[in-house]
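**Q**
There are 4 protein chains.
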Amino acid sequence: MMAEEPRWRRRKEDRPGDICAAALQVFAEKGFAGARIEEIARRAGLSKGTLYLYFPTKEAVFRAVVRDAVAPNIEVIRQTVLASDQPFDELVRMLLPRVAEIITAVPLGAVLKMVVGESRNFPELAKVWHDDVVLKAVTILSDAIENAQDRGEVRPGDSRIHAFSLVGPMLLGVLWRETFTPVGAAEIDLPAIARQHAETVLGGLSIAEKAG
Amino acid sequence: MMAEEPRWRRRKEDRPGDICAAALQVFAEKGFAGARIEEIARRAGLSKGTLYLYFPTKEAVFRAVVRDAVAPNIEVIRQTVLASDQPFDELVRMLLPRVAEIITAVPLGAVLKMVVGESRNFPELAKVWHDDVVLKAVTILSDAIENAQDRGEVRPGDSRIHAFSLVGPMLLGVLWRETFTPVGAAEIDLPAIARQHAETVLGGLSIAEKAG
Amino acid sequence: MMAEEPRWRRRKEDRPGDICAAALQVFAEKGFAGARIEEIARRAGLSKGTLYLYFPTKEAVFRAVVRDAVAPNIEVIRQTVLASDQPFDELVRMLLPRVAEIITAVPLGAVLKMVVGESRNFPELAKVWHDDVVLKAVTILSDAIENAQDRGEVRPGDSRIHAFSLVGPMLLGVLWRETFTPVGAAEIDLPAIARQHAETVLGGLSIAEKAG
Amino acid sequence: MMAEEPRWRRRKEDRPGDICAAALQVFAEKGFAGARIEEIARRAGLSKGTLYLYFPTKEAVFRAVVRDAVAPNIEVIRQTVLASDQPFDELVRMLLPRVAEIITAVPLGAVLKMVVGESRNFPELAKVWHDDVVLKAVTILSDAIENAQDRGEVRPGDSRIHAFSLVGPMLLGVLWRETFTPVGAAEIDLPAIARQHAETVLGGLSIAEKAG
DNA sequence: AATGAATGAGGATTCATTCAT
DNA sequence: CATGAATGAATCCTCATTCAT
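Here is the structure:
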C-alpha cells in the first residue's frame, strides 16, 4: 500500500491518462454510444464536471483513447522485426509469441474491437489506425517477407497476403476472446495459437524445409 | 421499373424482410446505438410508425437482423465439408474460395462487425452467433482436420488451432475490408487471399508433400 | 342459443350501442387516456376502422358513453319519488334499496368514477352530469324533503344537506366497491347499507318518531 | 420576496417537495395520463431534465404524490378519536367538523379523486390508500361505534355501515366540490354539512335521545 | 481547479386517425 | 360498408454539456 495518498492530491498531470484508462474500459464494454461520461469519470475517480476540464467532448475522449493505444505498440513490433537479421523462420517463431504477449498485456483487443465497431462513426480514427498501426505493421511484415523471398527463404506470392496468413489467426484469436469468451465460449490460449500457427505457416512458407 | 407504383399496397409479407435489409445497412454503418429507427424505416420505404407494426422495439429489429444472417450460411459450409470425401488438401482448396464467395455475396462481414462491436451490449446475440455459427463452423472444420490427421494427411497439433490457421486470414480480410477500405485502404481481394492462403497453409499442414 | 347469427350480419343499427357498451367497460378499467380505441373496437366485435364509421373521435365515444348513462336512470328516480304520496319515512325505506338495485344493475358506479376522474378534462361532461343527473336527483330529493318538512315529518335544516345525508353513504359504498374491492378490500353489500342507513338516517330526520 | 433570486441555487432538498406540490396540481387537473411531465416541471420552476434527477419516472412522481398525502392526515383522525373518552355524540359533533377542516386545508379531495380515477391503472396505490388510509379511518370509527354500542349509546347494527352513515355525506361533499363546482355547480359548504349531518345522524344513532 | 445541479436537444415508442383496397 | 395497414404528432426519458458555486 502507498502512504495514504489523499484523493484530492492526485497530481493533475496524471488526469488525462487516468481518464483514458477508465474510458478504455468503459468504451470497450459499452461501445462509444453506450458509454456514459459519468461512468468514465467515476472510474477515473473524478466528477463529470472535472472530466470536462481535460477533454472538451466525449468524442475527444474516444479519440484520445484510440490514438493513445497506437504509439507504444507499433514501435515494439518494429523493433522486433528490424532488429532481427536472423532467418525468416527464426523471426516468425519469435515474433508471433511476442505479439501474443503484447496483446495479452495491453488491451489491444478491446481497442481493436472499438475501432472495428465504430469505424463508420469515426472514419478518421479508422484512418489513423490504418495509417499508423495496421498498415505500418503489415508493411514491416511484408517487407521482411519480401526480403526473405529475395533470399529464397519464403515461397513466392503476394507478400501482403503472406502477412495476412501470418497474423490472421492471431487476430481471430483476439476477437474471439473479446467477443465469445464472455458468453461462455472456450478460453483462448493465444501463446499456444502463436506457437502452433508459427510452425504451421512456416511449414508452407519455408521453401528450404520442404526442399530438404 | 413498374409503372407508377401506388404509394402503398398490401404487402405485409414483404415488410419484415425489407426492414431487416434496411436495418442491416444502417446498423452496419452506425452501430446499434447510432442507428435511428426513422432512418431504417425511411430506407425500407415506410414510416416510423409502420416499422413498429412489425417489430416491437429497436432491439428486436437488431436481433432479427443478426439472427437472420445465421441460418442460411452455416448450412452451406456444412454441406461443402461433409459432401467431400476428397483428400484434405483438395477440400481446403475448394473450401476457402467457397467461403470467400459467400462472404462476398452476403453481408456477413457487416453482421460480423455488428456482433463483435455489440457483443457486450447484446451478449445473447454473441451467444447465438457463437453457438450456431462460429462454433459449428469451427467444429465442422476441426472434425475434418482430425479425420485427416487420422489418415496421416495433416500434421499433428490441436485441431481447433489448425482451424484458426485455416480461416483466420479470411476473417482478417473481411474485417479489414469492412473497417479500412471505406477510409482509403487498398481493396481486399478475398478470392486471392483464399487461393494463396490455401497453398500457404497446406504447405505446412500436408505432411505428405513434405515427406515427398 | 340463437340460430348461428353470422358475425357480418349484425345489424348496423345496433353498432353504436355495442360500441358504447364495450367502451364503457374499457373506459371504466383504464380511464379515458388509458383506453385504446382498438380494444374498444375488438370488444365490440368490429375493427378499428369500422368504429370510425360510427364515431368521429375517441372523445365522441366517451361523450356518448357518459351521456347514454344519464337518461335511463334519472327517470327511474323521478318516477319513484314523484309517484309517492306516502309518508317520508316510507319513501326513504323504499327509495334507498331501489337506488341500491339500480346501482347494482347498471354500471353507474363505473360511469360515476369516469365522470369524477375526467371532470377536468371534459368539463362539459361534468356539466351534463351535474345538470341532468346529479342536480335533478338532488332537487327531486330536496323537494320531497321540503314537502315533508312542511308536513312536520322531517326536522328543519338545509334540505340539500339532508339529501346528502340520505344518499351520501350509498355513493361512498359504490365508489368503495369500484375502487377498493378490486384490490382486496371487503365486499360491499349495498342493499344492506341501504336498509341500515335508511333506519339510521330516518331516526334522525323523523321528528315524529322522536317526539313520540 | 427576496431581492433578485439567482436563476438557480443549490436547493436540492426542496426539490422533491416542490415537484410533488406541482405534480399534485397537474395530476388533479389532468389525471395521470393527461399530465405532462414538462408542465409539472415548469410549475415546479425547473426543467424537464431536472425533474428526472429526483424521480426516475412519471409513475414515481405520481406514487410519491399519492403516498405523501397519506401519512400526515390519518394520524390526526386517530388522535382525535382516541383522545376522546367523551360520549359518542360529543365525539361525532367534534369529529365531523374536524374532518371538514382537514379536507379543506389539505388537498385531500384532489388526491382522493386521483385514487378513485386511477385505481385500475395503479392498483397498488389503491391498495396503499385502502390499507393505510381508508381502512384505518373506518376501523377507528367502527371501533368507537362498537364501544358506544356496548355502552348503550348507539343503536345496534353493523358498525362499519354506521361508519359509512357517519362519513359518507362528507365524502360526497368533497367529490361534489372537486367535480361539479368547477363547472358551475353551487359551492359546497363542508363545515355546514358536517354540523347538520352530525345532528341528523346522531338523532338516529343515539338511542338515549329517543328513549328520552 | 473541482463539483454536481441544471439544462434541453434528441430519439424511441405509442396510438388516434386516415384511406386504399 | 368493412378492413387493417399506414401515418406522424405527441410525449417520455436520456445524457452530453454547461455553469454557478
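Chains as they are written, first to last, in full-length UniProt numbering: chain U, 1 to 212; chain R, 1 to 212; chain H, 1 to 212; chain B, 1 to 212.
Even glycine gets a Cβ: it sits at the ideal position worked out from N, Cα and C.
Quick test of your reading: residue 40 of chain H and residue 19 of chain H, contact by CB under 8 Å. State the CB separation rounded to the nearest angstrom.
**A** Counted from its first residue, the third sequence places residue 40 of chain H at position 40. Counted from its first residue, the third sequence places residue 19 of chain H at position 19. Going by Cβ atoms, the distance from residue 40 of chain H to residue 19 of chain H rounds to 7 Å, so yes, they are a contact pair.
**Q** So is residue 158 of chain U in contact with chain R if we call contact Cβ pairs under 8 Å?
**A** In the first sequence, counting from the first residue as 1, residue 158 of chain U sits at position 158. True, the Cβ-Cβ gap to chain R drops below 8 Å.
**Q** Between R:177, R:85, R:120 and R:61, which has its C-alpha nearest residue 143 of chain R's C-alpha?
**A** The residue labelled residue 143 of chain R in the question sits at position 143 within the second sequence. Distances from the alpha-carbon of residue 143 of chain R to those of R:177, R:85, R:120 and R:61 put R:85 closest.
**Q** Could you tell me the boundaries of the alpha helix (DSSP H) in which residue 187 of chain U lies?
**A** Working through the first sequence from its first residue, we reach residue 187 of chain U at position 187. Here residue 187 of chain U belongs to no alpha helix (DSSP H), and DSSP marks it neither H nor E.
**Q** Within a Cβ cutoff of 6 Å, which residues of the same chain sit near residue 16 of chain H, ignoring the five residues on either side of it in sequence?
**A** By one-based count along the third sequence, residue 16 of chain H stands at place 16. Excluding positions up to five away in sequence, the list reads 54.
**Q** Rounding to the nearest angstrom, what Cα-Cα distance links residue 195 of chain B and residue 186 of chain B in this structure?
**A** Numbered from 1 along the fourth sequence, position 195 holds the residue referred to as residue 195 of chain B. Numbered from 1 along the fourth sequence, position 186 holds the residue referred to as residue 186 of chain B. Cα to Cα, residue 195 of chain B sits roughly 19 Å from residue 186 of chain B.
**Q** Below 7 Å on C-beta distance, what does residue 161 of chain B contact in chain H?
**A** Here the question's residue 161 of chain B lines up with position 161 in the fourth sequence. Simply 192, 193, 196 and 197.
**Q** DSSP on residue 30 of chain B, reduced to helix/strand/coil?
**A** The residue given as residue 30 of chain B occupies position 30 in the fourth sequence. In the structure shown, residue 30 of chain B sits in a helix (DSSP, three-state: H, G or I).
**Q** Assign residue 119 of chain U to one of three DSSP states: helix, strand, or coil.
**A** Counting from 1 along the first sequence, the entry for residue 119 of chain U is found at position 119. Three-state result, residue 119 of chain U: coil.
**Q** Is it the case that the Cβ atoms of residue 168 of chain H and residue 45 of chain B are separated by a distance below 8 Å?
**A** Here the question's residue 168 of chain H lines up with position 168 in the third sequence. Here the question's residue 45 of chain B lines up with position 45 in the fourth sequence. No, these two residues do not count as a Cβ contact at 8 Å.
**Q** Does chain H have any CB closer than 8 Å to the CB of residue 152 of chain B?
**A** Translated into positions along the fourth sequence, residue 152 of chain B becomes position 152. So, not an interface residue.
**Q** Check whether the Cβ of residue 47 of chain R lies closer than 8 Å to any Cβ atom in chain U.
**A** Within the second sequence, numbered from 1, the residue matching residue 47 of chain R stands at position 47. It does not; no Cβ of chain U falls within 8 Å.
**Q** Should residue 159 of chain R and residue 149 of chain R be called a contact, given that it needs their Cβ atoms to be closer than 8 Å?
**A** Position 159 of the second sequence, counting from 1, holds the residue named residue 159 of chain R. Position 149 of the second sequence, counting from 1, holds the residue named residue 149 of chain R. Yes; because the gap between Cβ atoms is below 8 Å, this pair is in contact.
**Q** Starting from residue 38 of chain R, trace the alpha helix (DSSP H) both ways and give me its first and last residue.
**A** What you label residue 38 of chain R is simply residue 38 of the second sequence in a count that begins at 1. Its alpha helix (DSSP H) spans residues 37-43.
**Q** Per DSSP, what kind of secondary structure is residue 180 of chain R in: helix, strand or coil?
**A** The residue you call residue 180 of chain R lines up with position 180 of the second sequence. Residue state, collapsed to three classes: coil.
**Q** In whole angstroms, what separates the C-alpha of residue 27 of chain H from that of residue 114 of chain H?
**A** The residue labelled residue 27 of chain H in the question sits at position 27 within the third sequence. The residue labelled residue 114 of chain H in the question sits at position 114 within the third sequence. Their Cα atoms are separated by approximately 7 Å.
**Q** Does residue 179 of chain H come within less than 8 Å of chain B when only Cβ atoms are used?
**A** The sequence position of residue 179 of chain H within the third sequence is 179, counting from 1. It does: the Cβ of residue 179 of chain H has a partner Cβ on chain B nearer than 8 Å.
**Q** Taking only beta carbons into account, state which residues of the UniProt domain "HTH tetR-type" (13-73) of chain B come closer than 9 Å to chain H, listed in chain order.
**A** Listed by position, the residues of the UniProt domain "HTH tetR-type" (13-73) of chain B near chain H (Cβ gap below 9 Å) are 28, 29, 30, 31, 32, 33 and 34.
**Q** Using the beta-carbon of each residue, which ones in chain R are nearer than 9 Å to residue 118 of chain U?
**A** Counted from its first residue, the first sequence places residue 118 of chain U at position 118. 31, 34 and 117, listed in chain order.
**Q** Residue 154 of chain B to residue 62 of chain B, Cα distance in whole Å?
**A** Along the fourth sequence, one-based indexing puts residue 154 of chain B at 154. Along the fourth sequence, one-based indexing puts residue 62 of chain B at 62. So the alpha carbons of these two residues sit roughly 41 Å apart.
**Q** The alpha helix (DSSP H) with residue 104 of chain H in it runs from where to where?
**A** In the third sequence, counting from the first residue as 1, residue 104 of chain H sits at position 104. First-last of the alpha helix (DSSP H) with residue 104 of chain H: 88-105.
**Q** For residue 175 of chain H, return the contacting residues in chain B, with the cut-off set at a CB-CB distance below 7 Å.
**A** In the third sequence, the residue the question calls residue 175 of chain H occupies position 175. Under the 7 Å cutoff, chain B gives 116.
**Q** Mapping the DSSP letters down to three states, classify residue 85 of chain H as helix, strand or coil.
**A** Translated into positions along the third sequence, residue 85 of chain H becomes position 85. Reduced to three states, the DSSP call for residue 85 of chain H is coil.
**Q** Tell me the rounded alpha-carbon separation between residue 118 of chain R and residue 117 of chain U.
**A** Looking up residue 118 of chain R in the second sequence gives position 118. Looking up residue 117 of chain U in the first sequence gives position 117. Approximately 8 Å, taken between the alpha carbons.
**Q** Answer yes if the segment 173-182 of chain U comes into contact with the segment 126-137 of chain R, meaning at least three C-beta pairs across the two stretches below 8 Å, and no otherwise.
**A** yes
**Q** If I'm right that residue 92 of chain R touches residue 192 of chain R with Cβ under 8 Å, what's the distance once you round it to whole angstroms?
**A** Here residue 92 of chain R refers to the residue found at position 92 of the second sequence. Here residue 192 of chain R refers to the residue found at position 192 of the second sequence. About 16 Å; that fails the 8 Å criterion.
**Q** CA-CA distance, residue 76 of chain R and residue 43 of chain R?
**A** As a working mapping, residue 76 of chain R is identified with position 76 in the second sequence. As a working mapping, residue 43 of chain R is identified with position 43 in the second sequence. Their Cα atoms are separated by approximately 29 Å.
**Q** Just reading off the alpha helix (DSSP H) that residue 58 of chain U is part of, what are its end residues?
**A** Reading the first sequence from its first residue, position 58 is the one you call residue 58 of chain U. For residue 58 of chain U, the enclosing alpha helix (DSSP H) starts and ends at 58-68.
**Q** What in chain H is Cβ-close to residue 182 of chain B, meaning under 8 Å?
**A** To locate residue 182 of chain B, count along the fourth sequence from 1; it is residue 182. Going along chain H in sequence order, the residues near residue 182 of chain B (Cβ under 8 Å) are 119, 120, 123 and 126.
**Q** Count the other CB atoms, across all protein chains shown, that sit within 10 Å of the CB of residue 152 of chain B; report buried if there are 16 or more and exposed otherwise.
**A** Translated into the one-based positions of the fourth sequence, residue 152 of chain B becomes position 152. The residue in question, residue 152 of chain B, is exposed, as its Cβ has fewer than 16 Cβ neighbours within 10 Å.
**Q** Give the DSSP-derived three-state secondary structure of residue 47 of chain U in the structure shown.
**A** In the first sequence, the residue the question calls residue 47 of chain U occupies position 47. If DSSP states are grouped into helix, strand and coil, residue 47 of chain U belongs with coil.
**Q** Whole angstroms are fine: how far does the CA of residue 72 of chain R sit from the CA of residue 163 of chain U?
**A** On the first sequence, residue 163 of chain U is found 163 positions in, with the first residue counted as 1. On the second sequence, residue 72 of chain R is found 72 positions in, with the first residue counted as 1. Looking at the two C-alpha atoms, the distance is approximately 31 Å.
**Q** Please determine whether the Cβ atom of residue 127 of chain R lies at a distance below 7 Å from any heavy atom of the ligand MN.
**A** In the structure shown, the ligand MN is absent, as is every other ligand, since no ligand is present at all.
**Q** Run down chain R in chain order and give the residues with a C-beta less than 7 Å from the C-beta of residue 165 of chain U.
**A** In the first sequence, the residue the question calls residue 165 of chain U occupies position 165. Neighbours of residue 165 of chain U on chain R, chain order: 169, 197, 200 and 201.
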